[in-house]
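Engineer: One structure is given below, represented as structure tokens, and several questions about it will come after.
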Amino acid sequence: MQRFLKSGQLRDSMRAFVERQRKLDTHMLRNTWTLGVTAFLLLACGAQEQDEYDPAHDYFSFANTDAFVTEHLALDLDVDFDAQQLRGSATLRMRHVDPASSEVVLDTRDLTIERVELLSDDGAIDVGHRFGDADEIIGTPLHVELPEGFANPVEIRITYATSPKSTALQWLPPQLTAGGKHPLMFSQSQAIHARSWVPLQDTPALRLTYEANIRTPSELLAVMSADNDPLTPRGGVYQFEMPQPIPSYLLAIAVGNIYFAPLGEDTGVYSEPELLDASVFEFADTQAMLDQAEALFGPYEWGRYDLLVLPPSFPYGGMENPRLSFITPSLLAGDRSLVSVIAHELAHSWSGNLVTNATWRDGWLNEGMTTYLESRLMEVIYDVDRVDEERVLSYRELLLDLESIPPEMQALAPRLDTGNADDFQGGIHYSKGQLFLQYLENAFGRDAFDDFLSAYFNEFAFRTITSERFLDYLDAELLQGADSPVSRAQVEAWLYQPGLPEDAPIPRSKTLDSAEAAAIAWARDDLPTREIPLAEWSPQATVHFINSLPMDLPAEDLLVLDKTLGFSVTNNAEIGRAWFIQVAKRRFEAAYPYLEKHLVRYGRGRLIAPVYRALAENGEDLGLAREIFEKARSTYHPVIDAGIGQALGTD
Ligand code: BES
Ligand code: ZN
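In structure tokens form, the structure reads like this:
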């Protein structure tokens with residue numbers, strides 16, 4: 018960021034940045050993965066001039082990490098539900114790495130800073146601080162000038178409070194929780210929201226250990242991405258320690274009427290008591306997943322692995338907060354059919370949490386690698402057929418994404434300096450990334466590729482990595498082999514070229530083929546509605562059946578289908594998602610009351626954003642989409658509210 022400021026391009030770049038974000042918010046609706054936040058970040062890179070662009074540089078942080086490097090964070094915070102505020106202090110221990118600089122620059126957003134102190138053996142002294150210019154996306158830099166002779170490492174304590182508007186925190190009133198009696202709050206720091214609840218160097222380029230003292234109302238429990246002890250008594254004072262160094266986006270906290278139930282020896286689940294039994298049933302395979310993951314990818318470096326099942330407004334399927342993945346309750350389908358999300362979040366313990374993308378531009382190294390590991394894990398725990406179904410669904414979503422993403426944004430590691438980066442889609446990082454690794458596995462054979470992966474996790478453990486460094490490592494370890502079936506140029510095509518290479522693997526699934534055939538036969542009246550073998554299908558096959566229905570079906574036929582198969586009243590969130598996208602696209606108005614229920618029931622972006630988008634784009638129902646949104650938005654997370662609001666043009 019420093020270099021960026023010096024280049025004098027900040028204002029122009031930022032204007033372009035904000036403009037892109039606006040456009041991107043619209044695209045969030047189009048993005049089936051609904052991971053718009055990462056996308057905002059990536060798009061911002063587009064503001065750079067070609068010759069200035071440094072793929073290893075984090076353009077989304079003000080922190081001067083070339084002068085000071087945070088090693089440890091100590092939090093001391095009161096959780097005030099009435100004021101919707103965290104209040105207290107953050108103490109940063111930083112190594113001073115550039116003698117020429119005596120100013121620390123931290124990231125903040127919407128924080129009130131009361132005092133900044135330099136700590137030493139002699140006590141604490143106040144030091145000067147000032148805010149720099151606020152930026153709509155990156156936040157506000159906090160400049161702290163240190164007096165001469167400060168120690169190295171230096172310790173500074175910032176006394177501060179968060180705003181109720183904090184983009185990382187959602188404060189839920191009792192009525193938006195399962196129990197309805199206690200409030201609940203949770204954080205979502207990825208990608209650049211940690212700065213809205215802790216003043217710090219908010220970049221994945223650095224890692225820090227942390228400890229925390231948290232005070233809450235006495236009847237509530239606090240949990241963090243740290244050493245939660247399942248036996249912790251309630252009482253309103255909680256202490257945490259995170260001894261493994263993590264990037265700032267993995268800082269996490271939740272406070273609520275939360276209880277614990279064990280799943281296995283090293284695994285368990287936290288949730289409100291009302292969801293605990295359902296969670297224990299749904300996620301019963303978590304311990305087996307952990308055991309198998311260790312066998313496949315190497316040692317699990319984090320101690321326990323627990324889940325926290327949050328209320329429906331949690332904006333993602335899951336978030337890989339270390340030791341404690343945060344999970345959407347929309348996975349509670351009652352049949353364990355959606356637990357690939359758990360495999361995904363667990364797999365991040367290697368790809369992402371252990372080996373971390375250097376900047377958000379290298380997000381495929383977190384998400385594509387994790388999606389690949391997820392599928393490997395799911396194969397061992399369940400079976401190949403089930404995973405092939407998920408591979409095909411993900412591939413189909415990728416093909417759809419590729420239809421709308423401009424070519425220069427289709428690379429896995431795009432040079433985001435073209436100034437025309439508006440259409441970045443998270444699906445590239447996930448599905449194309451997964452396919453690329455599947456391609457390497459096919460080419461080198463599973464055994465050799467598994468050895469490569471274990472060595473990779475070992476080599477880069479607790480470090481960050483750029484796409485370029487990955488390429489060099491892959492080159493040295495595999496591509497240089499005398500009879501390597503893959504050349505460096507072929508790998509570069511995946512990383513830097515649009516679309517999919519001609520020899521990209523094409524996932525196949527027999528069960529999905531027959532669901533597709535059934536959809537076509539039914540539409541042609543060759544298969545009576547009652548004979549559609551829904552009971553024999555997985556929810557994934559049902560999703561594919563719905564996606565495969567021809568566009569020109571009369572409403573009467575859809576009505577018969579819905580009445581017979583019960584799509585509108587499904588309890589499976591993914592079937593509901595697929596169905597209501599079709600309902601909105603086709604203007605199948607008989608199901609609109611159920612569509613509205615779906616949009617109120619769920620807050621996870623993936624489940625609702627594409628339904629709003631289909632309504633907004635069907636030529637008639639933008640008004641209806643806005644109406645439903647107005648009713649539902651108070652229950653949505655700030656990130657989802659902002660994304661959908663902008664896309665529907667209501668803000
Ligand atoms: N780390 C992501 C969620 C995320 C990405 C949050 C970017 C903010 C910015 C998480 O691991 C994830 O990928 N969640 C997916 C799960 C799915 C792909 C199995 C989701 O929420 O849909
Ligand atoms: Zn992920």
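Quick note, the sequence shown lines up with residues 18 to 668 if you use the numbering used here.
For each residue, glycine too, the CB sits at the ideal point set by N, CA and C.
1. Tell me TRP381's beta-bridge partners as DSSP assigns them.
2. When you measure from the CB of TYR177 to every non-hydrogen atom of the ligand BES, does any distance come out below 7 Å?
3. Taking LEU517 as part of the alpha helix (DSSP H), name the residues at either end of that continuous run.
4. Kindly indicate which three-state DSSP category ALA499 falls into: helix, strand or coil?
5. According to DSSP, simplified to helix, strand and coil, what is GLU289?
6. Check whether the stretch 310-325 touches the stretch 582-599, taking contact to mean three or more Cβ pairs, one atom from each stretch, closer than 8 Å.
7. How about ASN274 and ASP323: are their beta carbons less than 8 Å apart?
8. Could you name each continuous beta strand (DSSP E) segment of 3 residues or more that falls completely within the stretch 72-105, going from the start of the chain to the end?
9. Where do the N-terminal and C-terminal ends of the alpha helix (DSSP H) with ASP138 fall, by residue?
10. Please return the same chain residues whose Cβ sits closer than 7 Å to the Cβ of PRO262, not counting the five positions on each side in sequence.
11. Where does GLU458 fall in DSSP's three states?
12. Could you compute how far the alpha carbon of GLU647 sits from the alpha carbon of LEU280?
13. Where does the unbroken alpha helix (DSSP H) through ASP468 begin, and where does it stop?
14. Using alpha carbons as the reference points, say which of ALA633, THR667, ALA664, GLY622 lies closest to TYR653.
15. So is the beta-carbon of VAL358 under 7 Å away from any non-hydrogen atom of the ligand BES?
16. Shorter than 7 Å, the distance from the beta carbon of HIS365 to the closest heavy atom of the ligand ZN, or not?
17. Can you give me the C-alpha to C-alpha distance between PRO216 and ASP352, rounded to a whole angstrom?
18. To the nearest angstrom, how far is the alpha carbon of PHE167 from that of GLU120?
19. On the three-state DSSP scale, how would you describe VAL560?
20. Is the Cβ-Cβ distance between TYR276 and LEU293 less than 8 Å?
21. Going by DSSP in three states, GLU647 sits in which element: helix, strand or coil?
22. Are the CB atoms of ASP124 and GLY156 within a distance shorter than 8 Å?
23. Leaving out five residues on either side along the sequence, give the residues of the same chain with a beta carbon under 7 Å from the beta carbon of TRP50.
24. Let me know the secondary structure DSSP gives GLU318 once reduced to three states.
25. Can you find the residues in the same chain that come closer than 7 Å, C-beta to C-beta, to ASP405, ignoring five residues on each side of it along the sequence?
26. Quick one: what's TRP188 bridged to in DSSP?
27. So what's VAL144 in DSSP terms, helix, strand or just coil?
28. Could you tell me the distance, in whole angstroms, from the CA atom of ALA199 to the CA atom of PRO234?
29. May I ask you to check if the CB of THR387 is nearer than 7 Å to at least one heavy atom of the ligand ZN?
30. The alpha helix (DSSP H) with PRO234 in it runs from where to where?
31. Can you confirm whether the stretch 105-114 touches the stretch 86-93 when touching is taken to mean that 3 or more C-beta pairs between the two stretches lie within less than 8 Å?
32. Flag GLY335 as yes when its Cβ comes closer than 7 Å to any non-hydrogen atom of the ligand BES, and as no otherwise.
33. Taking only runs that begin and end inside the stretch 393-449, name each unbroken alpha helix (DSSP H) of 4 or more residues, in chain order.
34. Measuring CB to CB, does LEU575 end up less than 8 Å from PHE605?
35. Indicate whether LEU529 and ALA558 have their beta-carbon atoms separated by less than 8 Å.
36. Are the beta-carbon atoms of LEU238 and TYR177 separated by less than 8 Å?
Structural biologist: Let's see:
1. Here residue 381 refers to the residue found at position 364 when the sequence shown is read from its first residue. TRP381 has no beta-bridge partner at all, per DSSP.
2. Position 160 of the sequence shown, counted from the start, is the residue given in the question as residue 177. The ligand BES never approaches TYR177 closely enough for any of its heavy atoms to be under 7 Å from the residue's Cβ.
3. Counting from one through the sequence shown, the residue named residue 517 turns up at place 500. Boundaries cannot be given for LEU517, as no alpha helix (DSSP H) includes it and DSSP labels it neither H nor E.
4. What you label residue 499 is simply residue 482 of the sequence shown in a count that begins at 1. Of the three classes helix, strand and coil, the one that applies to ALA499 here is coil, per DSSP.
5. The count along the sequence shown starts at 1 and reaches residue 289 at position 272. In this structure, GLU289 counts as coil in the three-state DSSP scheme.
6. Flag = no, the stretch 310-325 and the stretch 582-599 do not touch.
7. Taking the sequence shown and counting its residues from 1, the one referred to as residue 274 is at position 257. Taking the sequence shown and counting its residues from 1, the one referred to as residue 323 is at position 306. No, these two residues do not count as a Cβ contact at 8 Å.
8. Taking only runs of at least 3 residues, the beta strand (DSSP E) segments lying wholly in the stretch 72-105 are 85-97.
9. As a working mapping, residue 138 is identified with position 121 in the sequence shown. If you look at ASP138, you'll find it isn't in any alpha helix (DSSP H); DSSP assigns it neither H nor E.
10. Residue numbering aside, residue 262 sits at position 245 when the sequence shown is read from its first letter. Within the same chain, PRO262 has close Cβ partners ARG224, LEU225, THR226, PHE479.
11. Here residue 458 corresponds to residue number 441 of the sequence shown, with the count starting at 1. The three-state secondary structure of GLU458, taken from DSSP, is helix.
12. Here residue 647 refers to the residue found at position 630 when the sequence shown is read from its first residue. Here residue 280 refers to the residue found at position 263 when the sequence shown is read from its first residue. Approximately 39 Å between the Cα atoms of the pair.
13. As a working mapping, residue 468 is identified with position 451 in the sequence shown. Where ASP468 is concerned, the enclosing alpha helix (DSSP H) stretches over 463-476.
14. Along the sequence shown, read from residue 1 onward, the residue named residue 653 stands at position 636. Considering only alpha carbons, the answer is GLY622.
15. Indexing the sequence shown from 1 puts residue 358 at position 341. Yes - the ligand BES has a heavy atom lying nearer than 7 Å to the Cβ of VAL358.
16. Working through the sequence shown from its first residue, we reach residue 365 at position 348. Yes.
17. In the sequence shown, counting from the first residue as 1, residue 216 sits at position 199. In the sequence shown, counting from the first residue as 1, residue 352 sits at position 335. Rounded to the nearest angstrom, the two C-alpha atoms are 42 Å apart.
18. For this step, residue 167 is matched to residue 150 along the sequence shown. For this step, residue 120 is matched to residue 103 along the sequence shown. PHE167 and GLU120: Cα-Cα distance of roughly 11 Å.
19. Here residue 560 is taken as the residue at index 543 of the sequence shown, counted from 1. VAL560: helix per DSSP, three-state reduction.
20. Position 259 of the sequence shown holds residue 276. Position 276 of the sequence shown holds residue 293. Cβ atoms of TYR276 and LEU293: closer than 8 Å.
21. On the sequence shown, position 630 is the one that residue 647 refers to. Correct three-state label for GLU647: helix.
22. On the sequence shown, position 139 is the one that residue 156 refers to. On the sequence shown, position 107 is the one that residue 124 refers to. Cβ distance < 8 Å, so GLY156 and ASP124 count as in contact.
23. Here the question's residue 50 lines up with position 33 in the sequence shown. Reliability of the predicted coordinates at TRP50 is poor, the pLDDT of 34 falling under 50, and the value obtained from them is presented with this limitation in mind. Take TRP50, set aside five residues on each side of it, and the residues of its chain with a beta-carbon closer than 7 Å to its own are GLY443, GLY444, TYR447, ARG623, in chain order.
24. Start at 1 with the first residue of the sequence shown, and residue 318 comes out as number 301. Correct three-state label for GLU318: coil.
25. As a position in the sequence shown, residue 405 is number 388, starting the count at 1. PRO524, ARG525, SER526.
26. One-based indexing of the sequence shown puts residue 188 at position 171. TRP188 pairs with MET202.
27. What you label residue 144 is simply residue 127 of the sequence shown in a count that begins at 1. In the three-state reduction of the DSSP assignment, VAL144 falls in the coil class.
28. Working through the sequence shown from its first residue, we reach residue 199 at position 182. Working through the sequence shown from its first residue, we reach residue 234 at position 217. The sequence as given places His at residue 199; Ala does not occur at that position. Spanning the two alpha carbons is a distance of roughly 10 Å.
29. Walking along the sequence shown from the start, residue 387 turns up at place 370. For THR387, the CB falls within less than 7 Å of some heavy atom of the ligand ZN.
30. Here residue 234 refers to the residue found at position 217 of the sequence shown. Neither: PRO234 is in no alpha helix (DSSP H) and is coded neither H nor E.
31. The stretch 86-93, when compared against the stretch 105-114, does touch it at the 8 Å Cβ threshold.
32. Residue numbering aside, residue 335 sits at position 318 when the sequence shown is read from its first letter. At least one heavy atom of the ligand BES is nearer than 7 Å to the Cβ of GLY335, so yes.
33. You should have 401-421.
34. Sequence index remark: in the sequence shown, residue 575 carries index 558 (1-based). Sequence index remark: in the sequence shown, residue 605 carries index 588 (1-based). Taking 8 Å as the Cβ cut-off, LEU575 and PHE605 qualify as a contacting pair.
35. Stepping through the sequence shown from its first residue, residue 529 is reached at position 512. Stepping through the sequence shown from its first residue, residue 558 is reached at position 541. Going by C-beta atoms, LEU529 is nearer than 8 Å to ALA558.
36. Numbered from its first residue, the sequence shown carries residue 238 at position 221. Numbered from its first residue, the sequence shown carries residue 177 at position 160. Not closer than 8 Å, so no.
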